[in-house]
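Residue numbers (full-length UniProt numbering), protein chains in the order written: chain A, 1 to 329; chain B, 1 to 329; chain C, 1 to 329; chain D, 1 to 329.
The beta-carbon is built from N, C-alpha and C at its ideal position, and this holds for glycine as well.
Keep in mind it's a predicted model, so treat the numbers as computed, not measured.
Number of protein chains: 4
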Amino acid sequence: MTSQQRYGAGIWHFATYVDRYATDGYGEPRTVIDAIDIAGKVDDLSVVDLNYPFFGGDFSTADVKTALDRNGLSVIGITPEMYTREFMKGAFTNPDPGVRRRAHELITEAAGVVREFGADYVKLWPGQDGWDYPFQVDHGALWKNSLDGVGQLASENPDLKFVIEYKPREPRVHMSFDSVSRTLLGIEKIGLPNVGILLDFGHALFGGESPADSAQLAIDYGRLFGMDVNDNFRSWDDDLVAGTVHPLELFEFFYTLRKNNWEGVWQLDQFPFREDSVQAANHAIDFLKAAGRGLDKLDFAAVQEAQDRHDSLTAIALAQKALFSSFGE
Amino acid sequence: MTSQQRYGAGIWHFATYVDRYATDGYGEPRTVIDAIDIAGKVDDLSVVDLNYPFFGGDFSTADVKTALDRNGLSVIGITPEMYTREFMKGAFTNPDPGVRRRAHELITEAAGVVREFGADYVKLWPGQDGWDYPFQVDHGALWKNSLDGVGQLASENPDLKFVIEYKPREPRVHMSFDSVSRTLLGIEKIGLPNVGILLDFGHALFGGESPADSAQLAIDYGRLFGMDVNDNFRSWDDDLVAGTVHPLELFEFFYTLRKNNWEGVWQLDQFPFREDSVQAANHAIDFLKAAGRGLDKLDFAAVQEAQDRHDSLTAIALAQKALFSSFGE
Amino acid sequence: MTSQQRYGAGIWHFATYVDRYATDGYGEPRTVIDAIDIAGKVDDLSVVDLNYPFFGGDFSTADVKTALDRNGLSVIGITPEMYTREFMKGAFTNPDPGVRRRAHELITEAAGVVREFGADYVKLWPGQDGWDYPFQVDHGALWKNSLDGVGQLASENPDLKFVIEYKPREPRVHMSFDSVSRTLLGIEKIGLPNVGILLDFGHALFGGESPADSAQLAIDYGRLFGMDVNDNFRSWDDDLVAGTVHPLELFEFFYTLRKNNWEGVWQLDQFPFREDSVQAANHAIDFLKAAGRGLDKLDFAAVQEAQDRHDSLTAIALAQKALFSSFGE
Amino acid sequence: MTSQQRYGAGIWHFATYVDRYATDGYGEPRTVIDAIDIAGKVDDLSVVDLNYPFFGGDFSTADVKTALDRNGLSVIGITPEMYTREFMKGAFTNPDPGVRRRAHELITEAAGVVREFGADYVKLWPGQDGWDYPFQVDHGALWKNSLDGVGQLASENPDLKFVIEYKPREPRVHMSFDSVSRTLLGIEKIGLPNVGILLDFGHALFGGESPADSAQLAIDYGRLFGMDVNDNFRSWDDDLVAGTVHPLELFEFFYTLRKNNWEGVWQLDQFPFREDSVQAANHAIDFLKAAGRGLDKLDFAAVQEAQDRHDSLTAIALAQKALFSSFGE
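Now the structure itself:
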């Protein structure tokens, strides 16, 4: 099973970044085509998630396809950029109905691009939808707008999947889709079959969740449509290389996926601000492969038996041994 | 409206405490009767939430009633002690079915006490239900047990309300009912009308929630059955005196309640480890009264109008002025 | 005393921002001259802290002076931009000695600008000096480089003051000057009289410090050379408007300054991403003026007497009353 | 070198605990003698740190020695219980000078016990010294009392070492010795050779420190007199089993010790509330032994060379491979 595991990455993994201090960027700007060509150098990458509009120039879908083809990559999802200046006060929840409409149009265009690429989903990351200050918003109205925005898209495009990637915060001080439970609550309210979750391991950690628990919950609701991994120090979305800080919780996350026969792509959502992008991706995928081998040798029945007793030390000893001994093989 | 506002407190506010360091306690042990007599000294307290079994001695319900009567107090809820030694590995989710049964019996007894006192609800605070380590539990099974435990009680006692008080953690490293959204998700799954939330302001802060948003969400689901307040530094359930650290978010919380015509008791859940209990309660209630006066003078239409634009500074200026100018009146 | 209080702001308060998501910025780009002209619209602002090089164009010191003069502003400090692309792996601690040299040159130029403007200090904010991953750096060598970098500048420019603004993190995952204590430890090691701290209220909160305690400590070492204020939710440097989240801790911070007869400028370090800059500054300064009036009426002897008993509730009741009753006067 | 490594534990590792909820305790109470006999069952434990007074009964030093002898254990340090009820408002910093004197007497007695056992140090953990609320204390006076208290003891007992174990908080909301830097700042002010730090890995994590950096700093000041390990989720002092959450940072911590030829005991400070004490200690020591083997095979020169370039991924790849491949050997 591991041998067939496919790996993916957000194409931004291979871009350069700005922040509020290094306004001149952590490296020369790159176009989406540059980024795809760099992604092609990663040892074992099959799919990418693409921002839309395509960054760095005026590229057609055909241009992008050509670049993907020459690098042996296909598209898993499209991420509409619903968090840029125009949407700085929100996309689905913007106080200006004209901006909400524009967000709808942008995402509808992105849905078209999903169809063109034969991708799996439109990824919604409403990072500007939320609030910063006490008293700033009418919380009931804001949440209703969040759900109406997603619901309208999902009902207008029943042939496509929409995945919501929740995060506690950043860039807003508080994001409306802040946690796995809040997102599931919203999805159940929307009540459509084509809305699910893209579960980011690091966002779950950041939110104080146990990512394995978050995965199980989303699976139990039939809503785990995608996932990506990275690492952080729990208090921010650092988007570090997967496995460098929390190897055991990452292994538990993969354990939960396999136990439930969840067979999707294992994706990276990393921001290597100061690292080489290719090295960062290879490092993470090496870890993921070790985790896969670890699952192959892990005694699932023994883990289950320990968990049935809530026997933490027996269970974690099995996990440590299986994971660590698979590293470097 | 403010003039009729009733105030309450968990009776443990007037007890003394132990922790893992001061194992000899922060003061002489007190019985529930002692605590009630101290509660009676607070200037404006109408109701209390009582732990069950009654602590500090072998007291009958009649003994407790007598003490309450002489202090002009009545009972709002009963909190079964489902977090003591017997339940250290969980009450609803204990791996031992015998312990789960014992938890059920204890809470069933507590339901009887609710009836005896004519109280409003059984309060469930499953502080030992959760996990500590990666790989320790089967997350799907644990959550199912959580819901089954609550659901069975609610269906067996349709004449009573059951309120779940969620908290991110402590004493478990991770509690199963960890957030407003997770709890609502569970309540919707249980699907019974007599299960709701007791929203603790400090638990919401601790969980990275905006308490006003949590309240609005619970109200929108028709599940805000009770609330209590206190304060903390966001990273732990410090149970400090309400209003001493986050006055504006507390005011926004009360604003949300009034806006929705939520008319329950304003309760305290404070642990004055090193303070005088009566002074701590009076200090908090003075703040709550100021908040009530602040709501009387707040221009709700102007706040709403600012919120409709997401105009943070206009909204918070209105709030600051209304709250602060009501202090000390 | 309050009536003579001067107020200041970092000039970036009046710029627009980018981050890793809104790469097209939260508003049209502004030059330093634009920003100064906007700063001039604030009701009661006397001084600004200027980034160097001057942003947004090729401006001379004379150009900047002209703009300052027409807005009635003077310069309190110069902040060399030692955190842009060139310095993304550190300024003082960059692994490349050539980059360390270039940082030295940039800051030396900034020192010249301080002299030209007759400003108070060079402000060092080494935001890229630190690390991201376990095992990334030799911690002893990194810290030595931090101190050598500051020490060399201070000894070469004995006529000027250098202030270090510490922060726990961002943009690095961990900054080398991370806390008040670490910074004082470094300053004592450097051993020169012209190195001090610029204490940012929000950075102290973010680091789990009590800002009043941080101020007292820096004062006791004779090293509190400057300060600025803002607000946040403790887990990130949100740079929100001062007084909107933590009014009481901000008041305690000012209380500590006055008690020690610290008479410097009260500065703002706010990033109003989505707010009007002038409104944000006015809102904060209104709060600061209320805090000043609150100090005028606070009974310092009574506070001291309560503090001598560690009597939290008496002390905070005095503070709440003095601060809140001064609001809106 | 590894083969001679000695392992130790705080004797409380083998006690049972209470907290504010499970007031009847996580298991039957144990005496210090019980705890020593349980400690004796751990596979490879050489030394223990003992609380003083001896808990659970009226035991003489001779009684304790007998128990230690029959279990092949010796004493590394004595921890006076300066955090029980009498000291709930502080030991060194208590507002009552009589209580400060009593703390001094208790610690002086503990110093005598150190001499009797030929132990290495008196361990000071002033967990009740600090504050809870804004405005509660005079921060300058509180810090001065902290240093005077330690300084007096160190000068009166020049033949003994005193180690301070800092922690950000708990049971106080803020502890006066809160971080490695603050503690070093205090120790430098005291200016005596026999005061040092006992560095708890988990306390450093909890405080947002990188424990390897904390260790290097304390070593560079000649003040790393002792250490202990455990694990947590960074936001609280969970005292979990070492290596279960943060294996790589723990390995970096040991790397720093070995690189500096620091050759002390590797101690455990774990609180196995719901686990078997012996299993918890064995599990941790197995991890520590794997870490020791990992250090034996780690290419220190290659790590240093990567660190000289701040090359995170090369350095961490070396570390992951060395540590993980040593696990289960």
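The beta strand (DSSP E) runs lying completely inside the region 77-127 of chain A and spanning 3 residues or more are 121-124, given in chain order. When Cβ-Cβ separations below 9 angstroms define contact, residue 152 (chain D) makes no contact with chain B.
When the alpha-carbon of residue 275 (chain D) is set against those of D:10, D:14 and D:4, the nearest one is in D:14.
Judged by their CB atoms, residue 241 (chain C) and residue 198 (chain C) are not nearer to each other than the 9 angstroms cut-off. Residue pairing by DSSP puts residue 267 (chain D) in a beta bridge opposite D:8 and D:228.
When C-alpha distances from residue 88 (chain B) are compared across D:114, D:18, D:60 and D:39, the shortest belongs to D:18. Counting C-beta pairs with one atom in each stretch, the region 142-162 of chain D and the region 115-130 of chain D have three or more that are closer than 8 angstroms, which means they touch. When DSSP assignments are scanned along the region 212-263 of chain D, the uninterrupted stretches of beta strand (DSSP E) that are 3 or more residues long and fall wholly within it turn out to be 224-229. By the rule that beta-carbons nearer than 9 angstroms mark a contact, residue 316 (chain A) touches chain D. Looking only at C:158, C:145 and C:33, the smallest Cα-Cα distance to residue 51 (chain C) is reached by C:33.
Residues of the region 164-187 of chain A that bring their beta carbon within less than 8 angstroms of a beta carbon in chain D are absent altogether. Residue state for residue 71 (chain C) is assigned as coil, using DSSP reduced to three classes. Nearest neighbour of residue 327 (chain D) by Cα position, chosen from D:311, D:291, D:299 and D:319, turns out to be D:291. Bounds of the alpha helix (DSSP H) holding residue 144 (chain C) are 139-156. For residue 224 (chain B), the CB contacts under 7 angstroms within the same chain, skipping 5 residues up- and downstream, are 196, 197, 199, 215, 218 and 262 in chain order.
The three-state reading of DSSP puts residue 173 (chain C) in coil, since its state is none of H, G, I, E or B. With 16 or more neighbouring CB atoms inside 10 Å of its own CB, residue 249 (chain B) falls in the buried class. In this chain, the beta strand (DSSP E) harbouring residue 196 (chain D) covers 195-200. Here residue 50 (chain C) carries a strand assignment [DSSP, helix/strand/coil]. With at least 16 other beta carbons inside 10 angstroms of its own, residue 252 (chain D) counts as buried. Within a 10 Å sphere around the beta-carbon of residue 118 (chain D) sit fewer than 16 other beta-carbons, which makes this residue exposed. The closest CA to that of residue 206 (chain B), considering only B:24, B:185 and B:236, is found on B:236.
For the options D:190, D:158, D:161 and D:209, the alpha carbon positioned closest to that of residue 181 (chain D) is the one of D:209. Of D:229, D:112, D:306 and D:300, the smallest CA-CA separation from residue 157 (chain D) is found for D:112. Look at the region 300-311 of chain C: the residues with a C-beta under 9 angstroms from a C-beta of chain D are 303, 304, 306, 307, 308, 309, 310 and 311. By the neighbour-count definition (other C-beta atoms within 10 Å, threshold 16), residue 62 (chain C) is an exposed residue.
One finds nothing in chain B with a Cβ atom closer than 8 angstroms to the Cβ of residue 279 (chain A); even the nearest lies about 27 angstroms away.
Bridge pairing for residue 130 (chain B): B:175 [DSSP].
Within its own chain, the residues whose Cβ lies closer than 6 angstroms to the Cβ of residue 272 (chain C), once the five positions on either side in sequence are excluded, are 280, listed in chain order. Under DSSP, residue 167 (chain A) forms no beta bridge with any residue. One Cα belongs to residue 222 (chain C), the other to residue 139 (chain D), and the distance between them is close to 15 angstroms. Taking 9 angstroms as the cut-off, the beta carbon of residue 268 (chain A) is found closer than this to the beta carbon of residue 9 (chain A). DSSP lists A:121 as the beta-bridge partner residues of residue 161 (chain A). Bounds of the alpha helix (DSSP H) holding residue 283 (chain D) are 277-297. Straight-line spacing of the CA atoms in residue 227 (chain D) and residue 128 (chain C) works out to 30 angstroms. At a cut-off of 9 angstroms between beta-carbon atoms, residue 211 (chain D) makes no contact with chain A.
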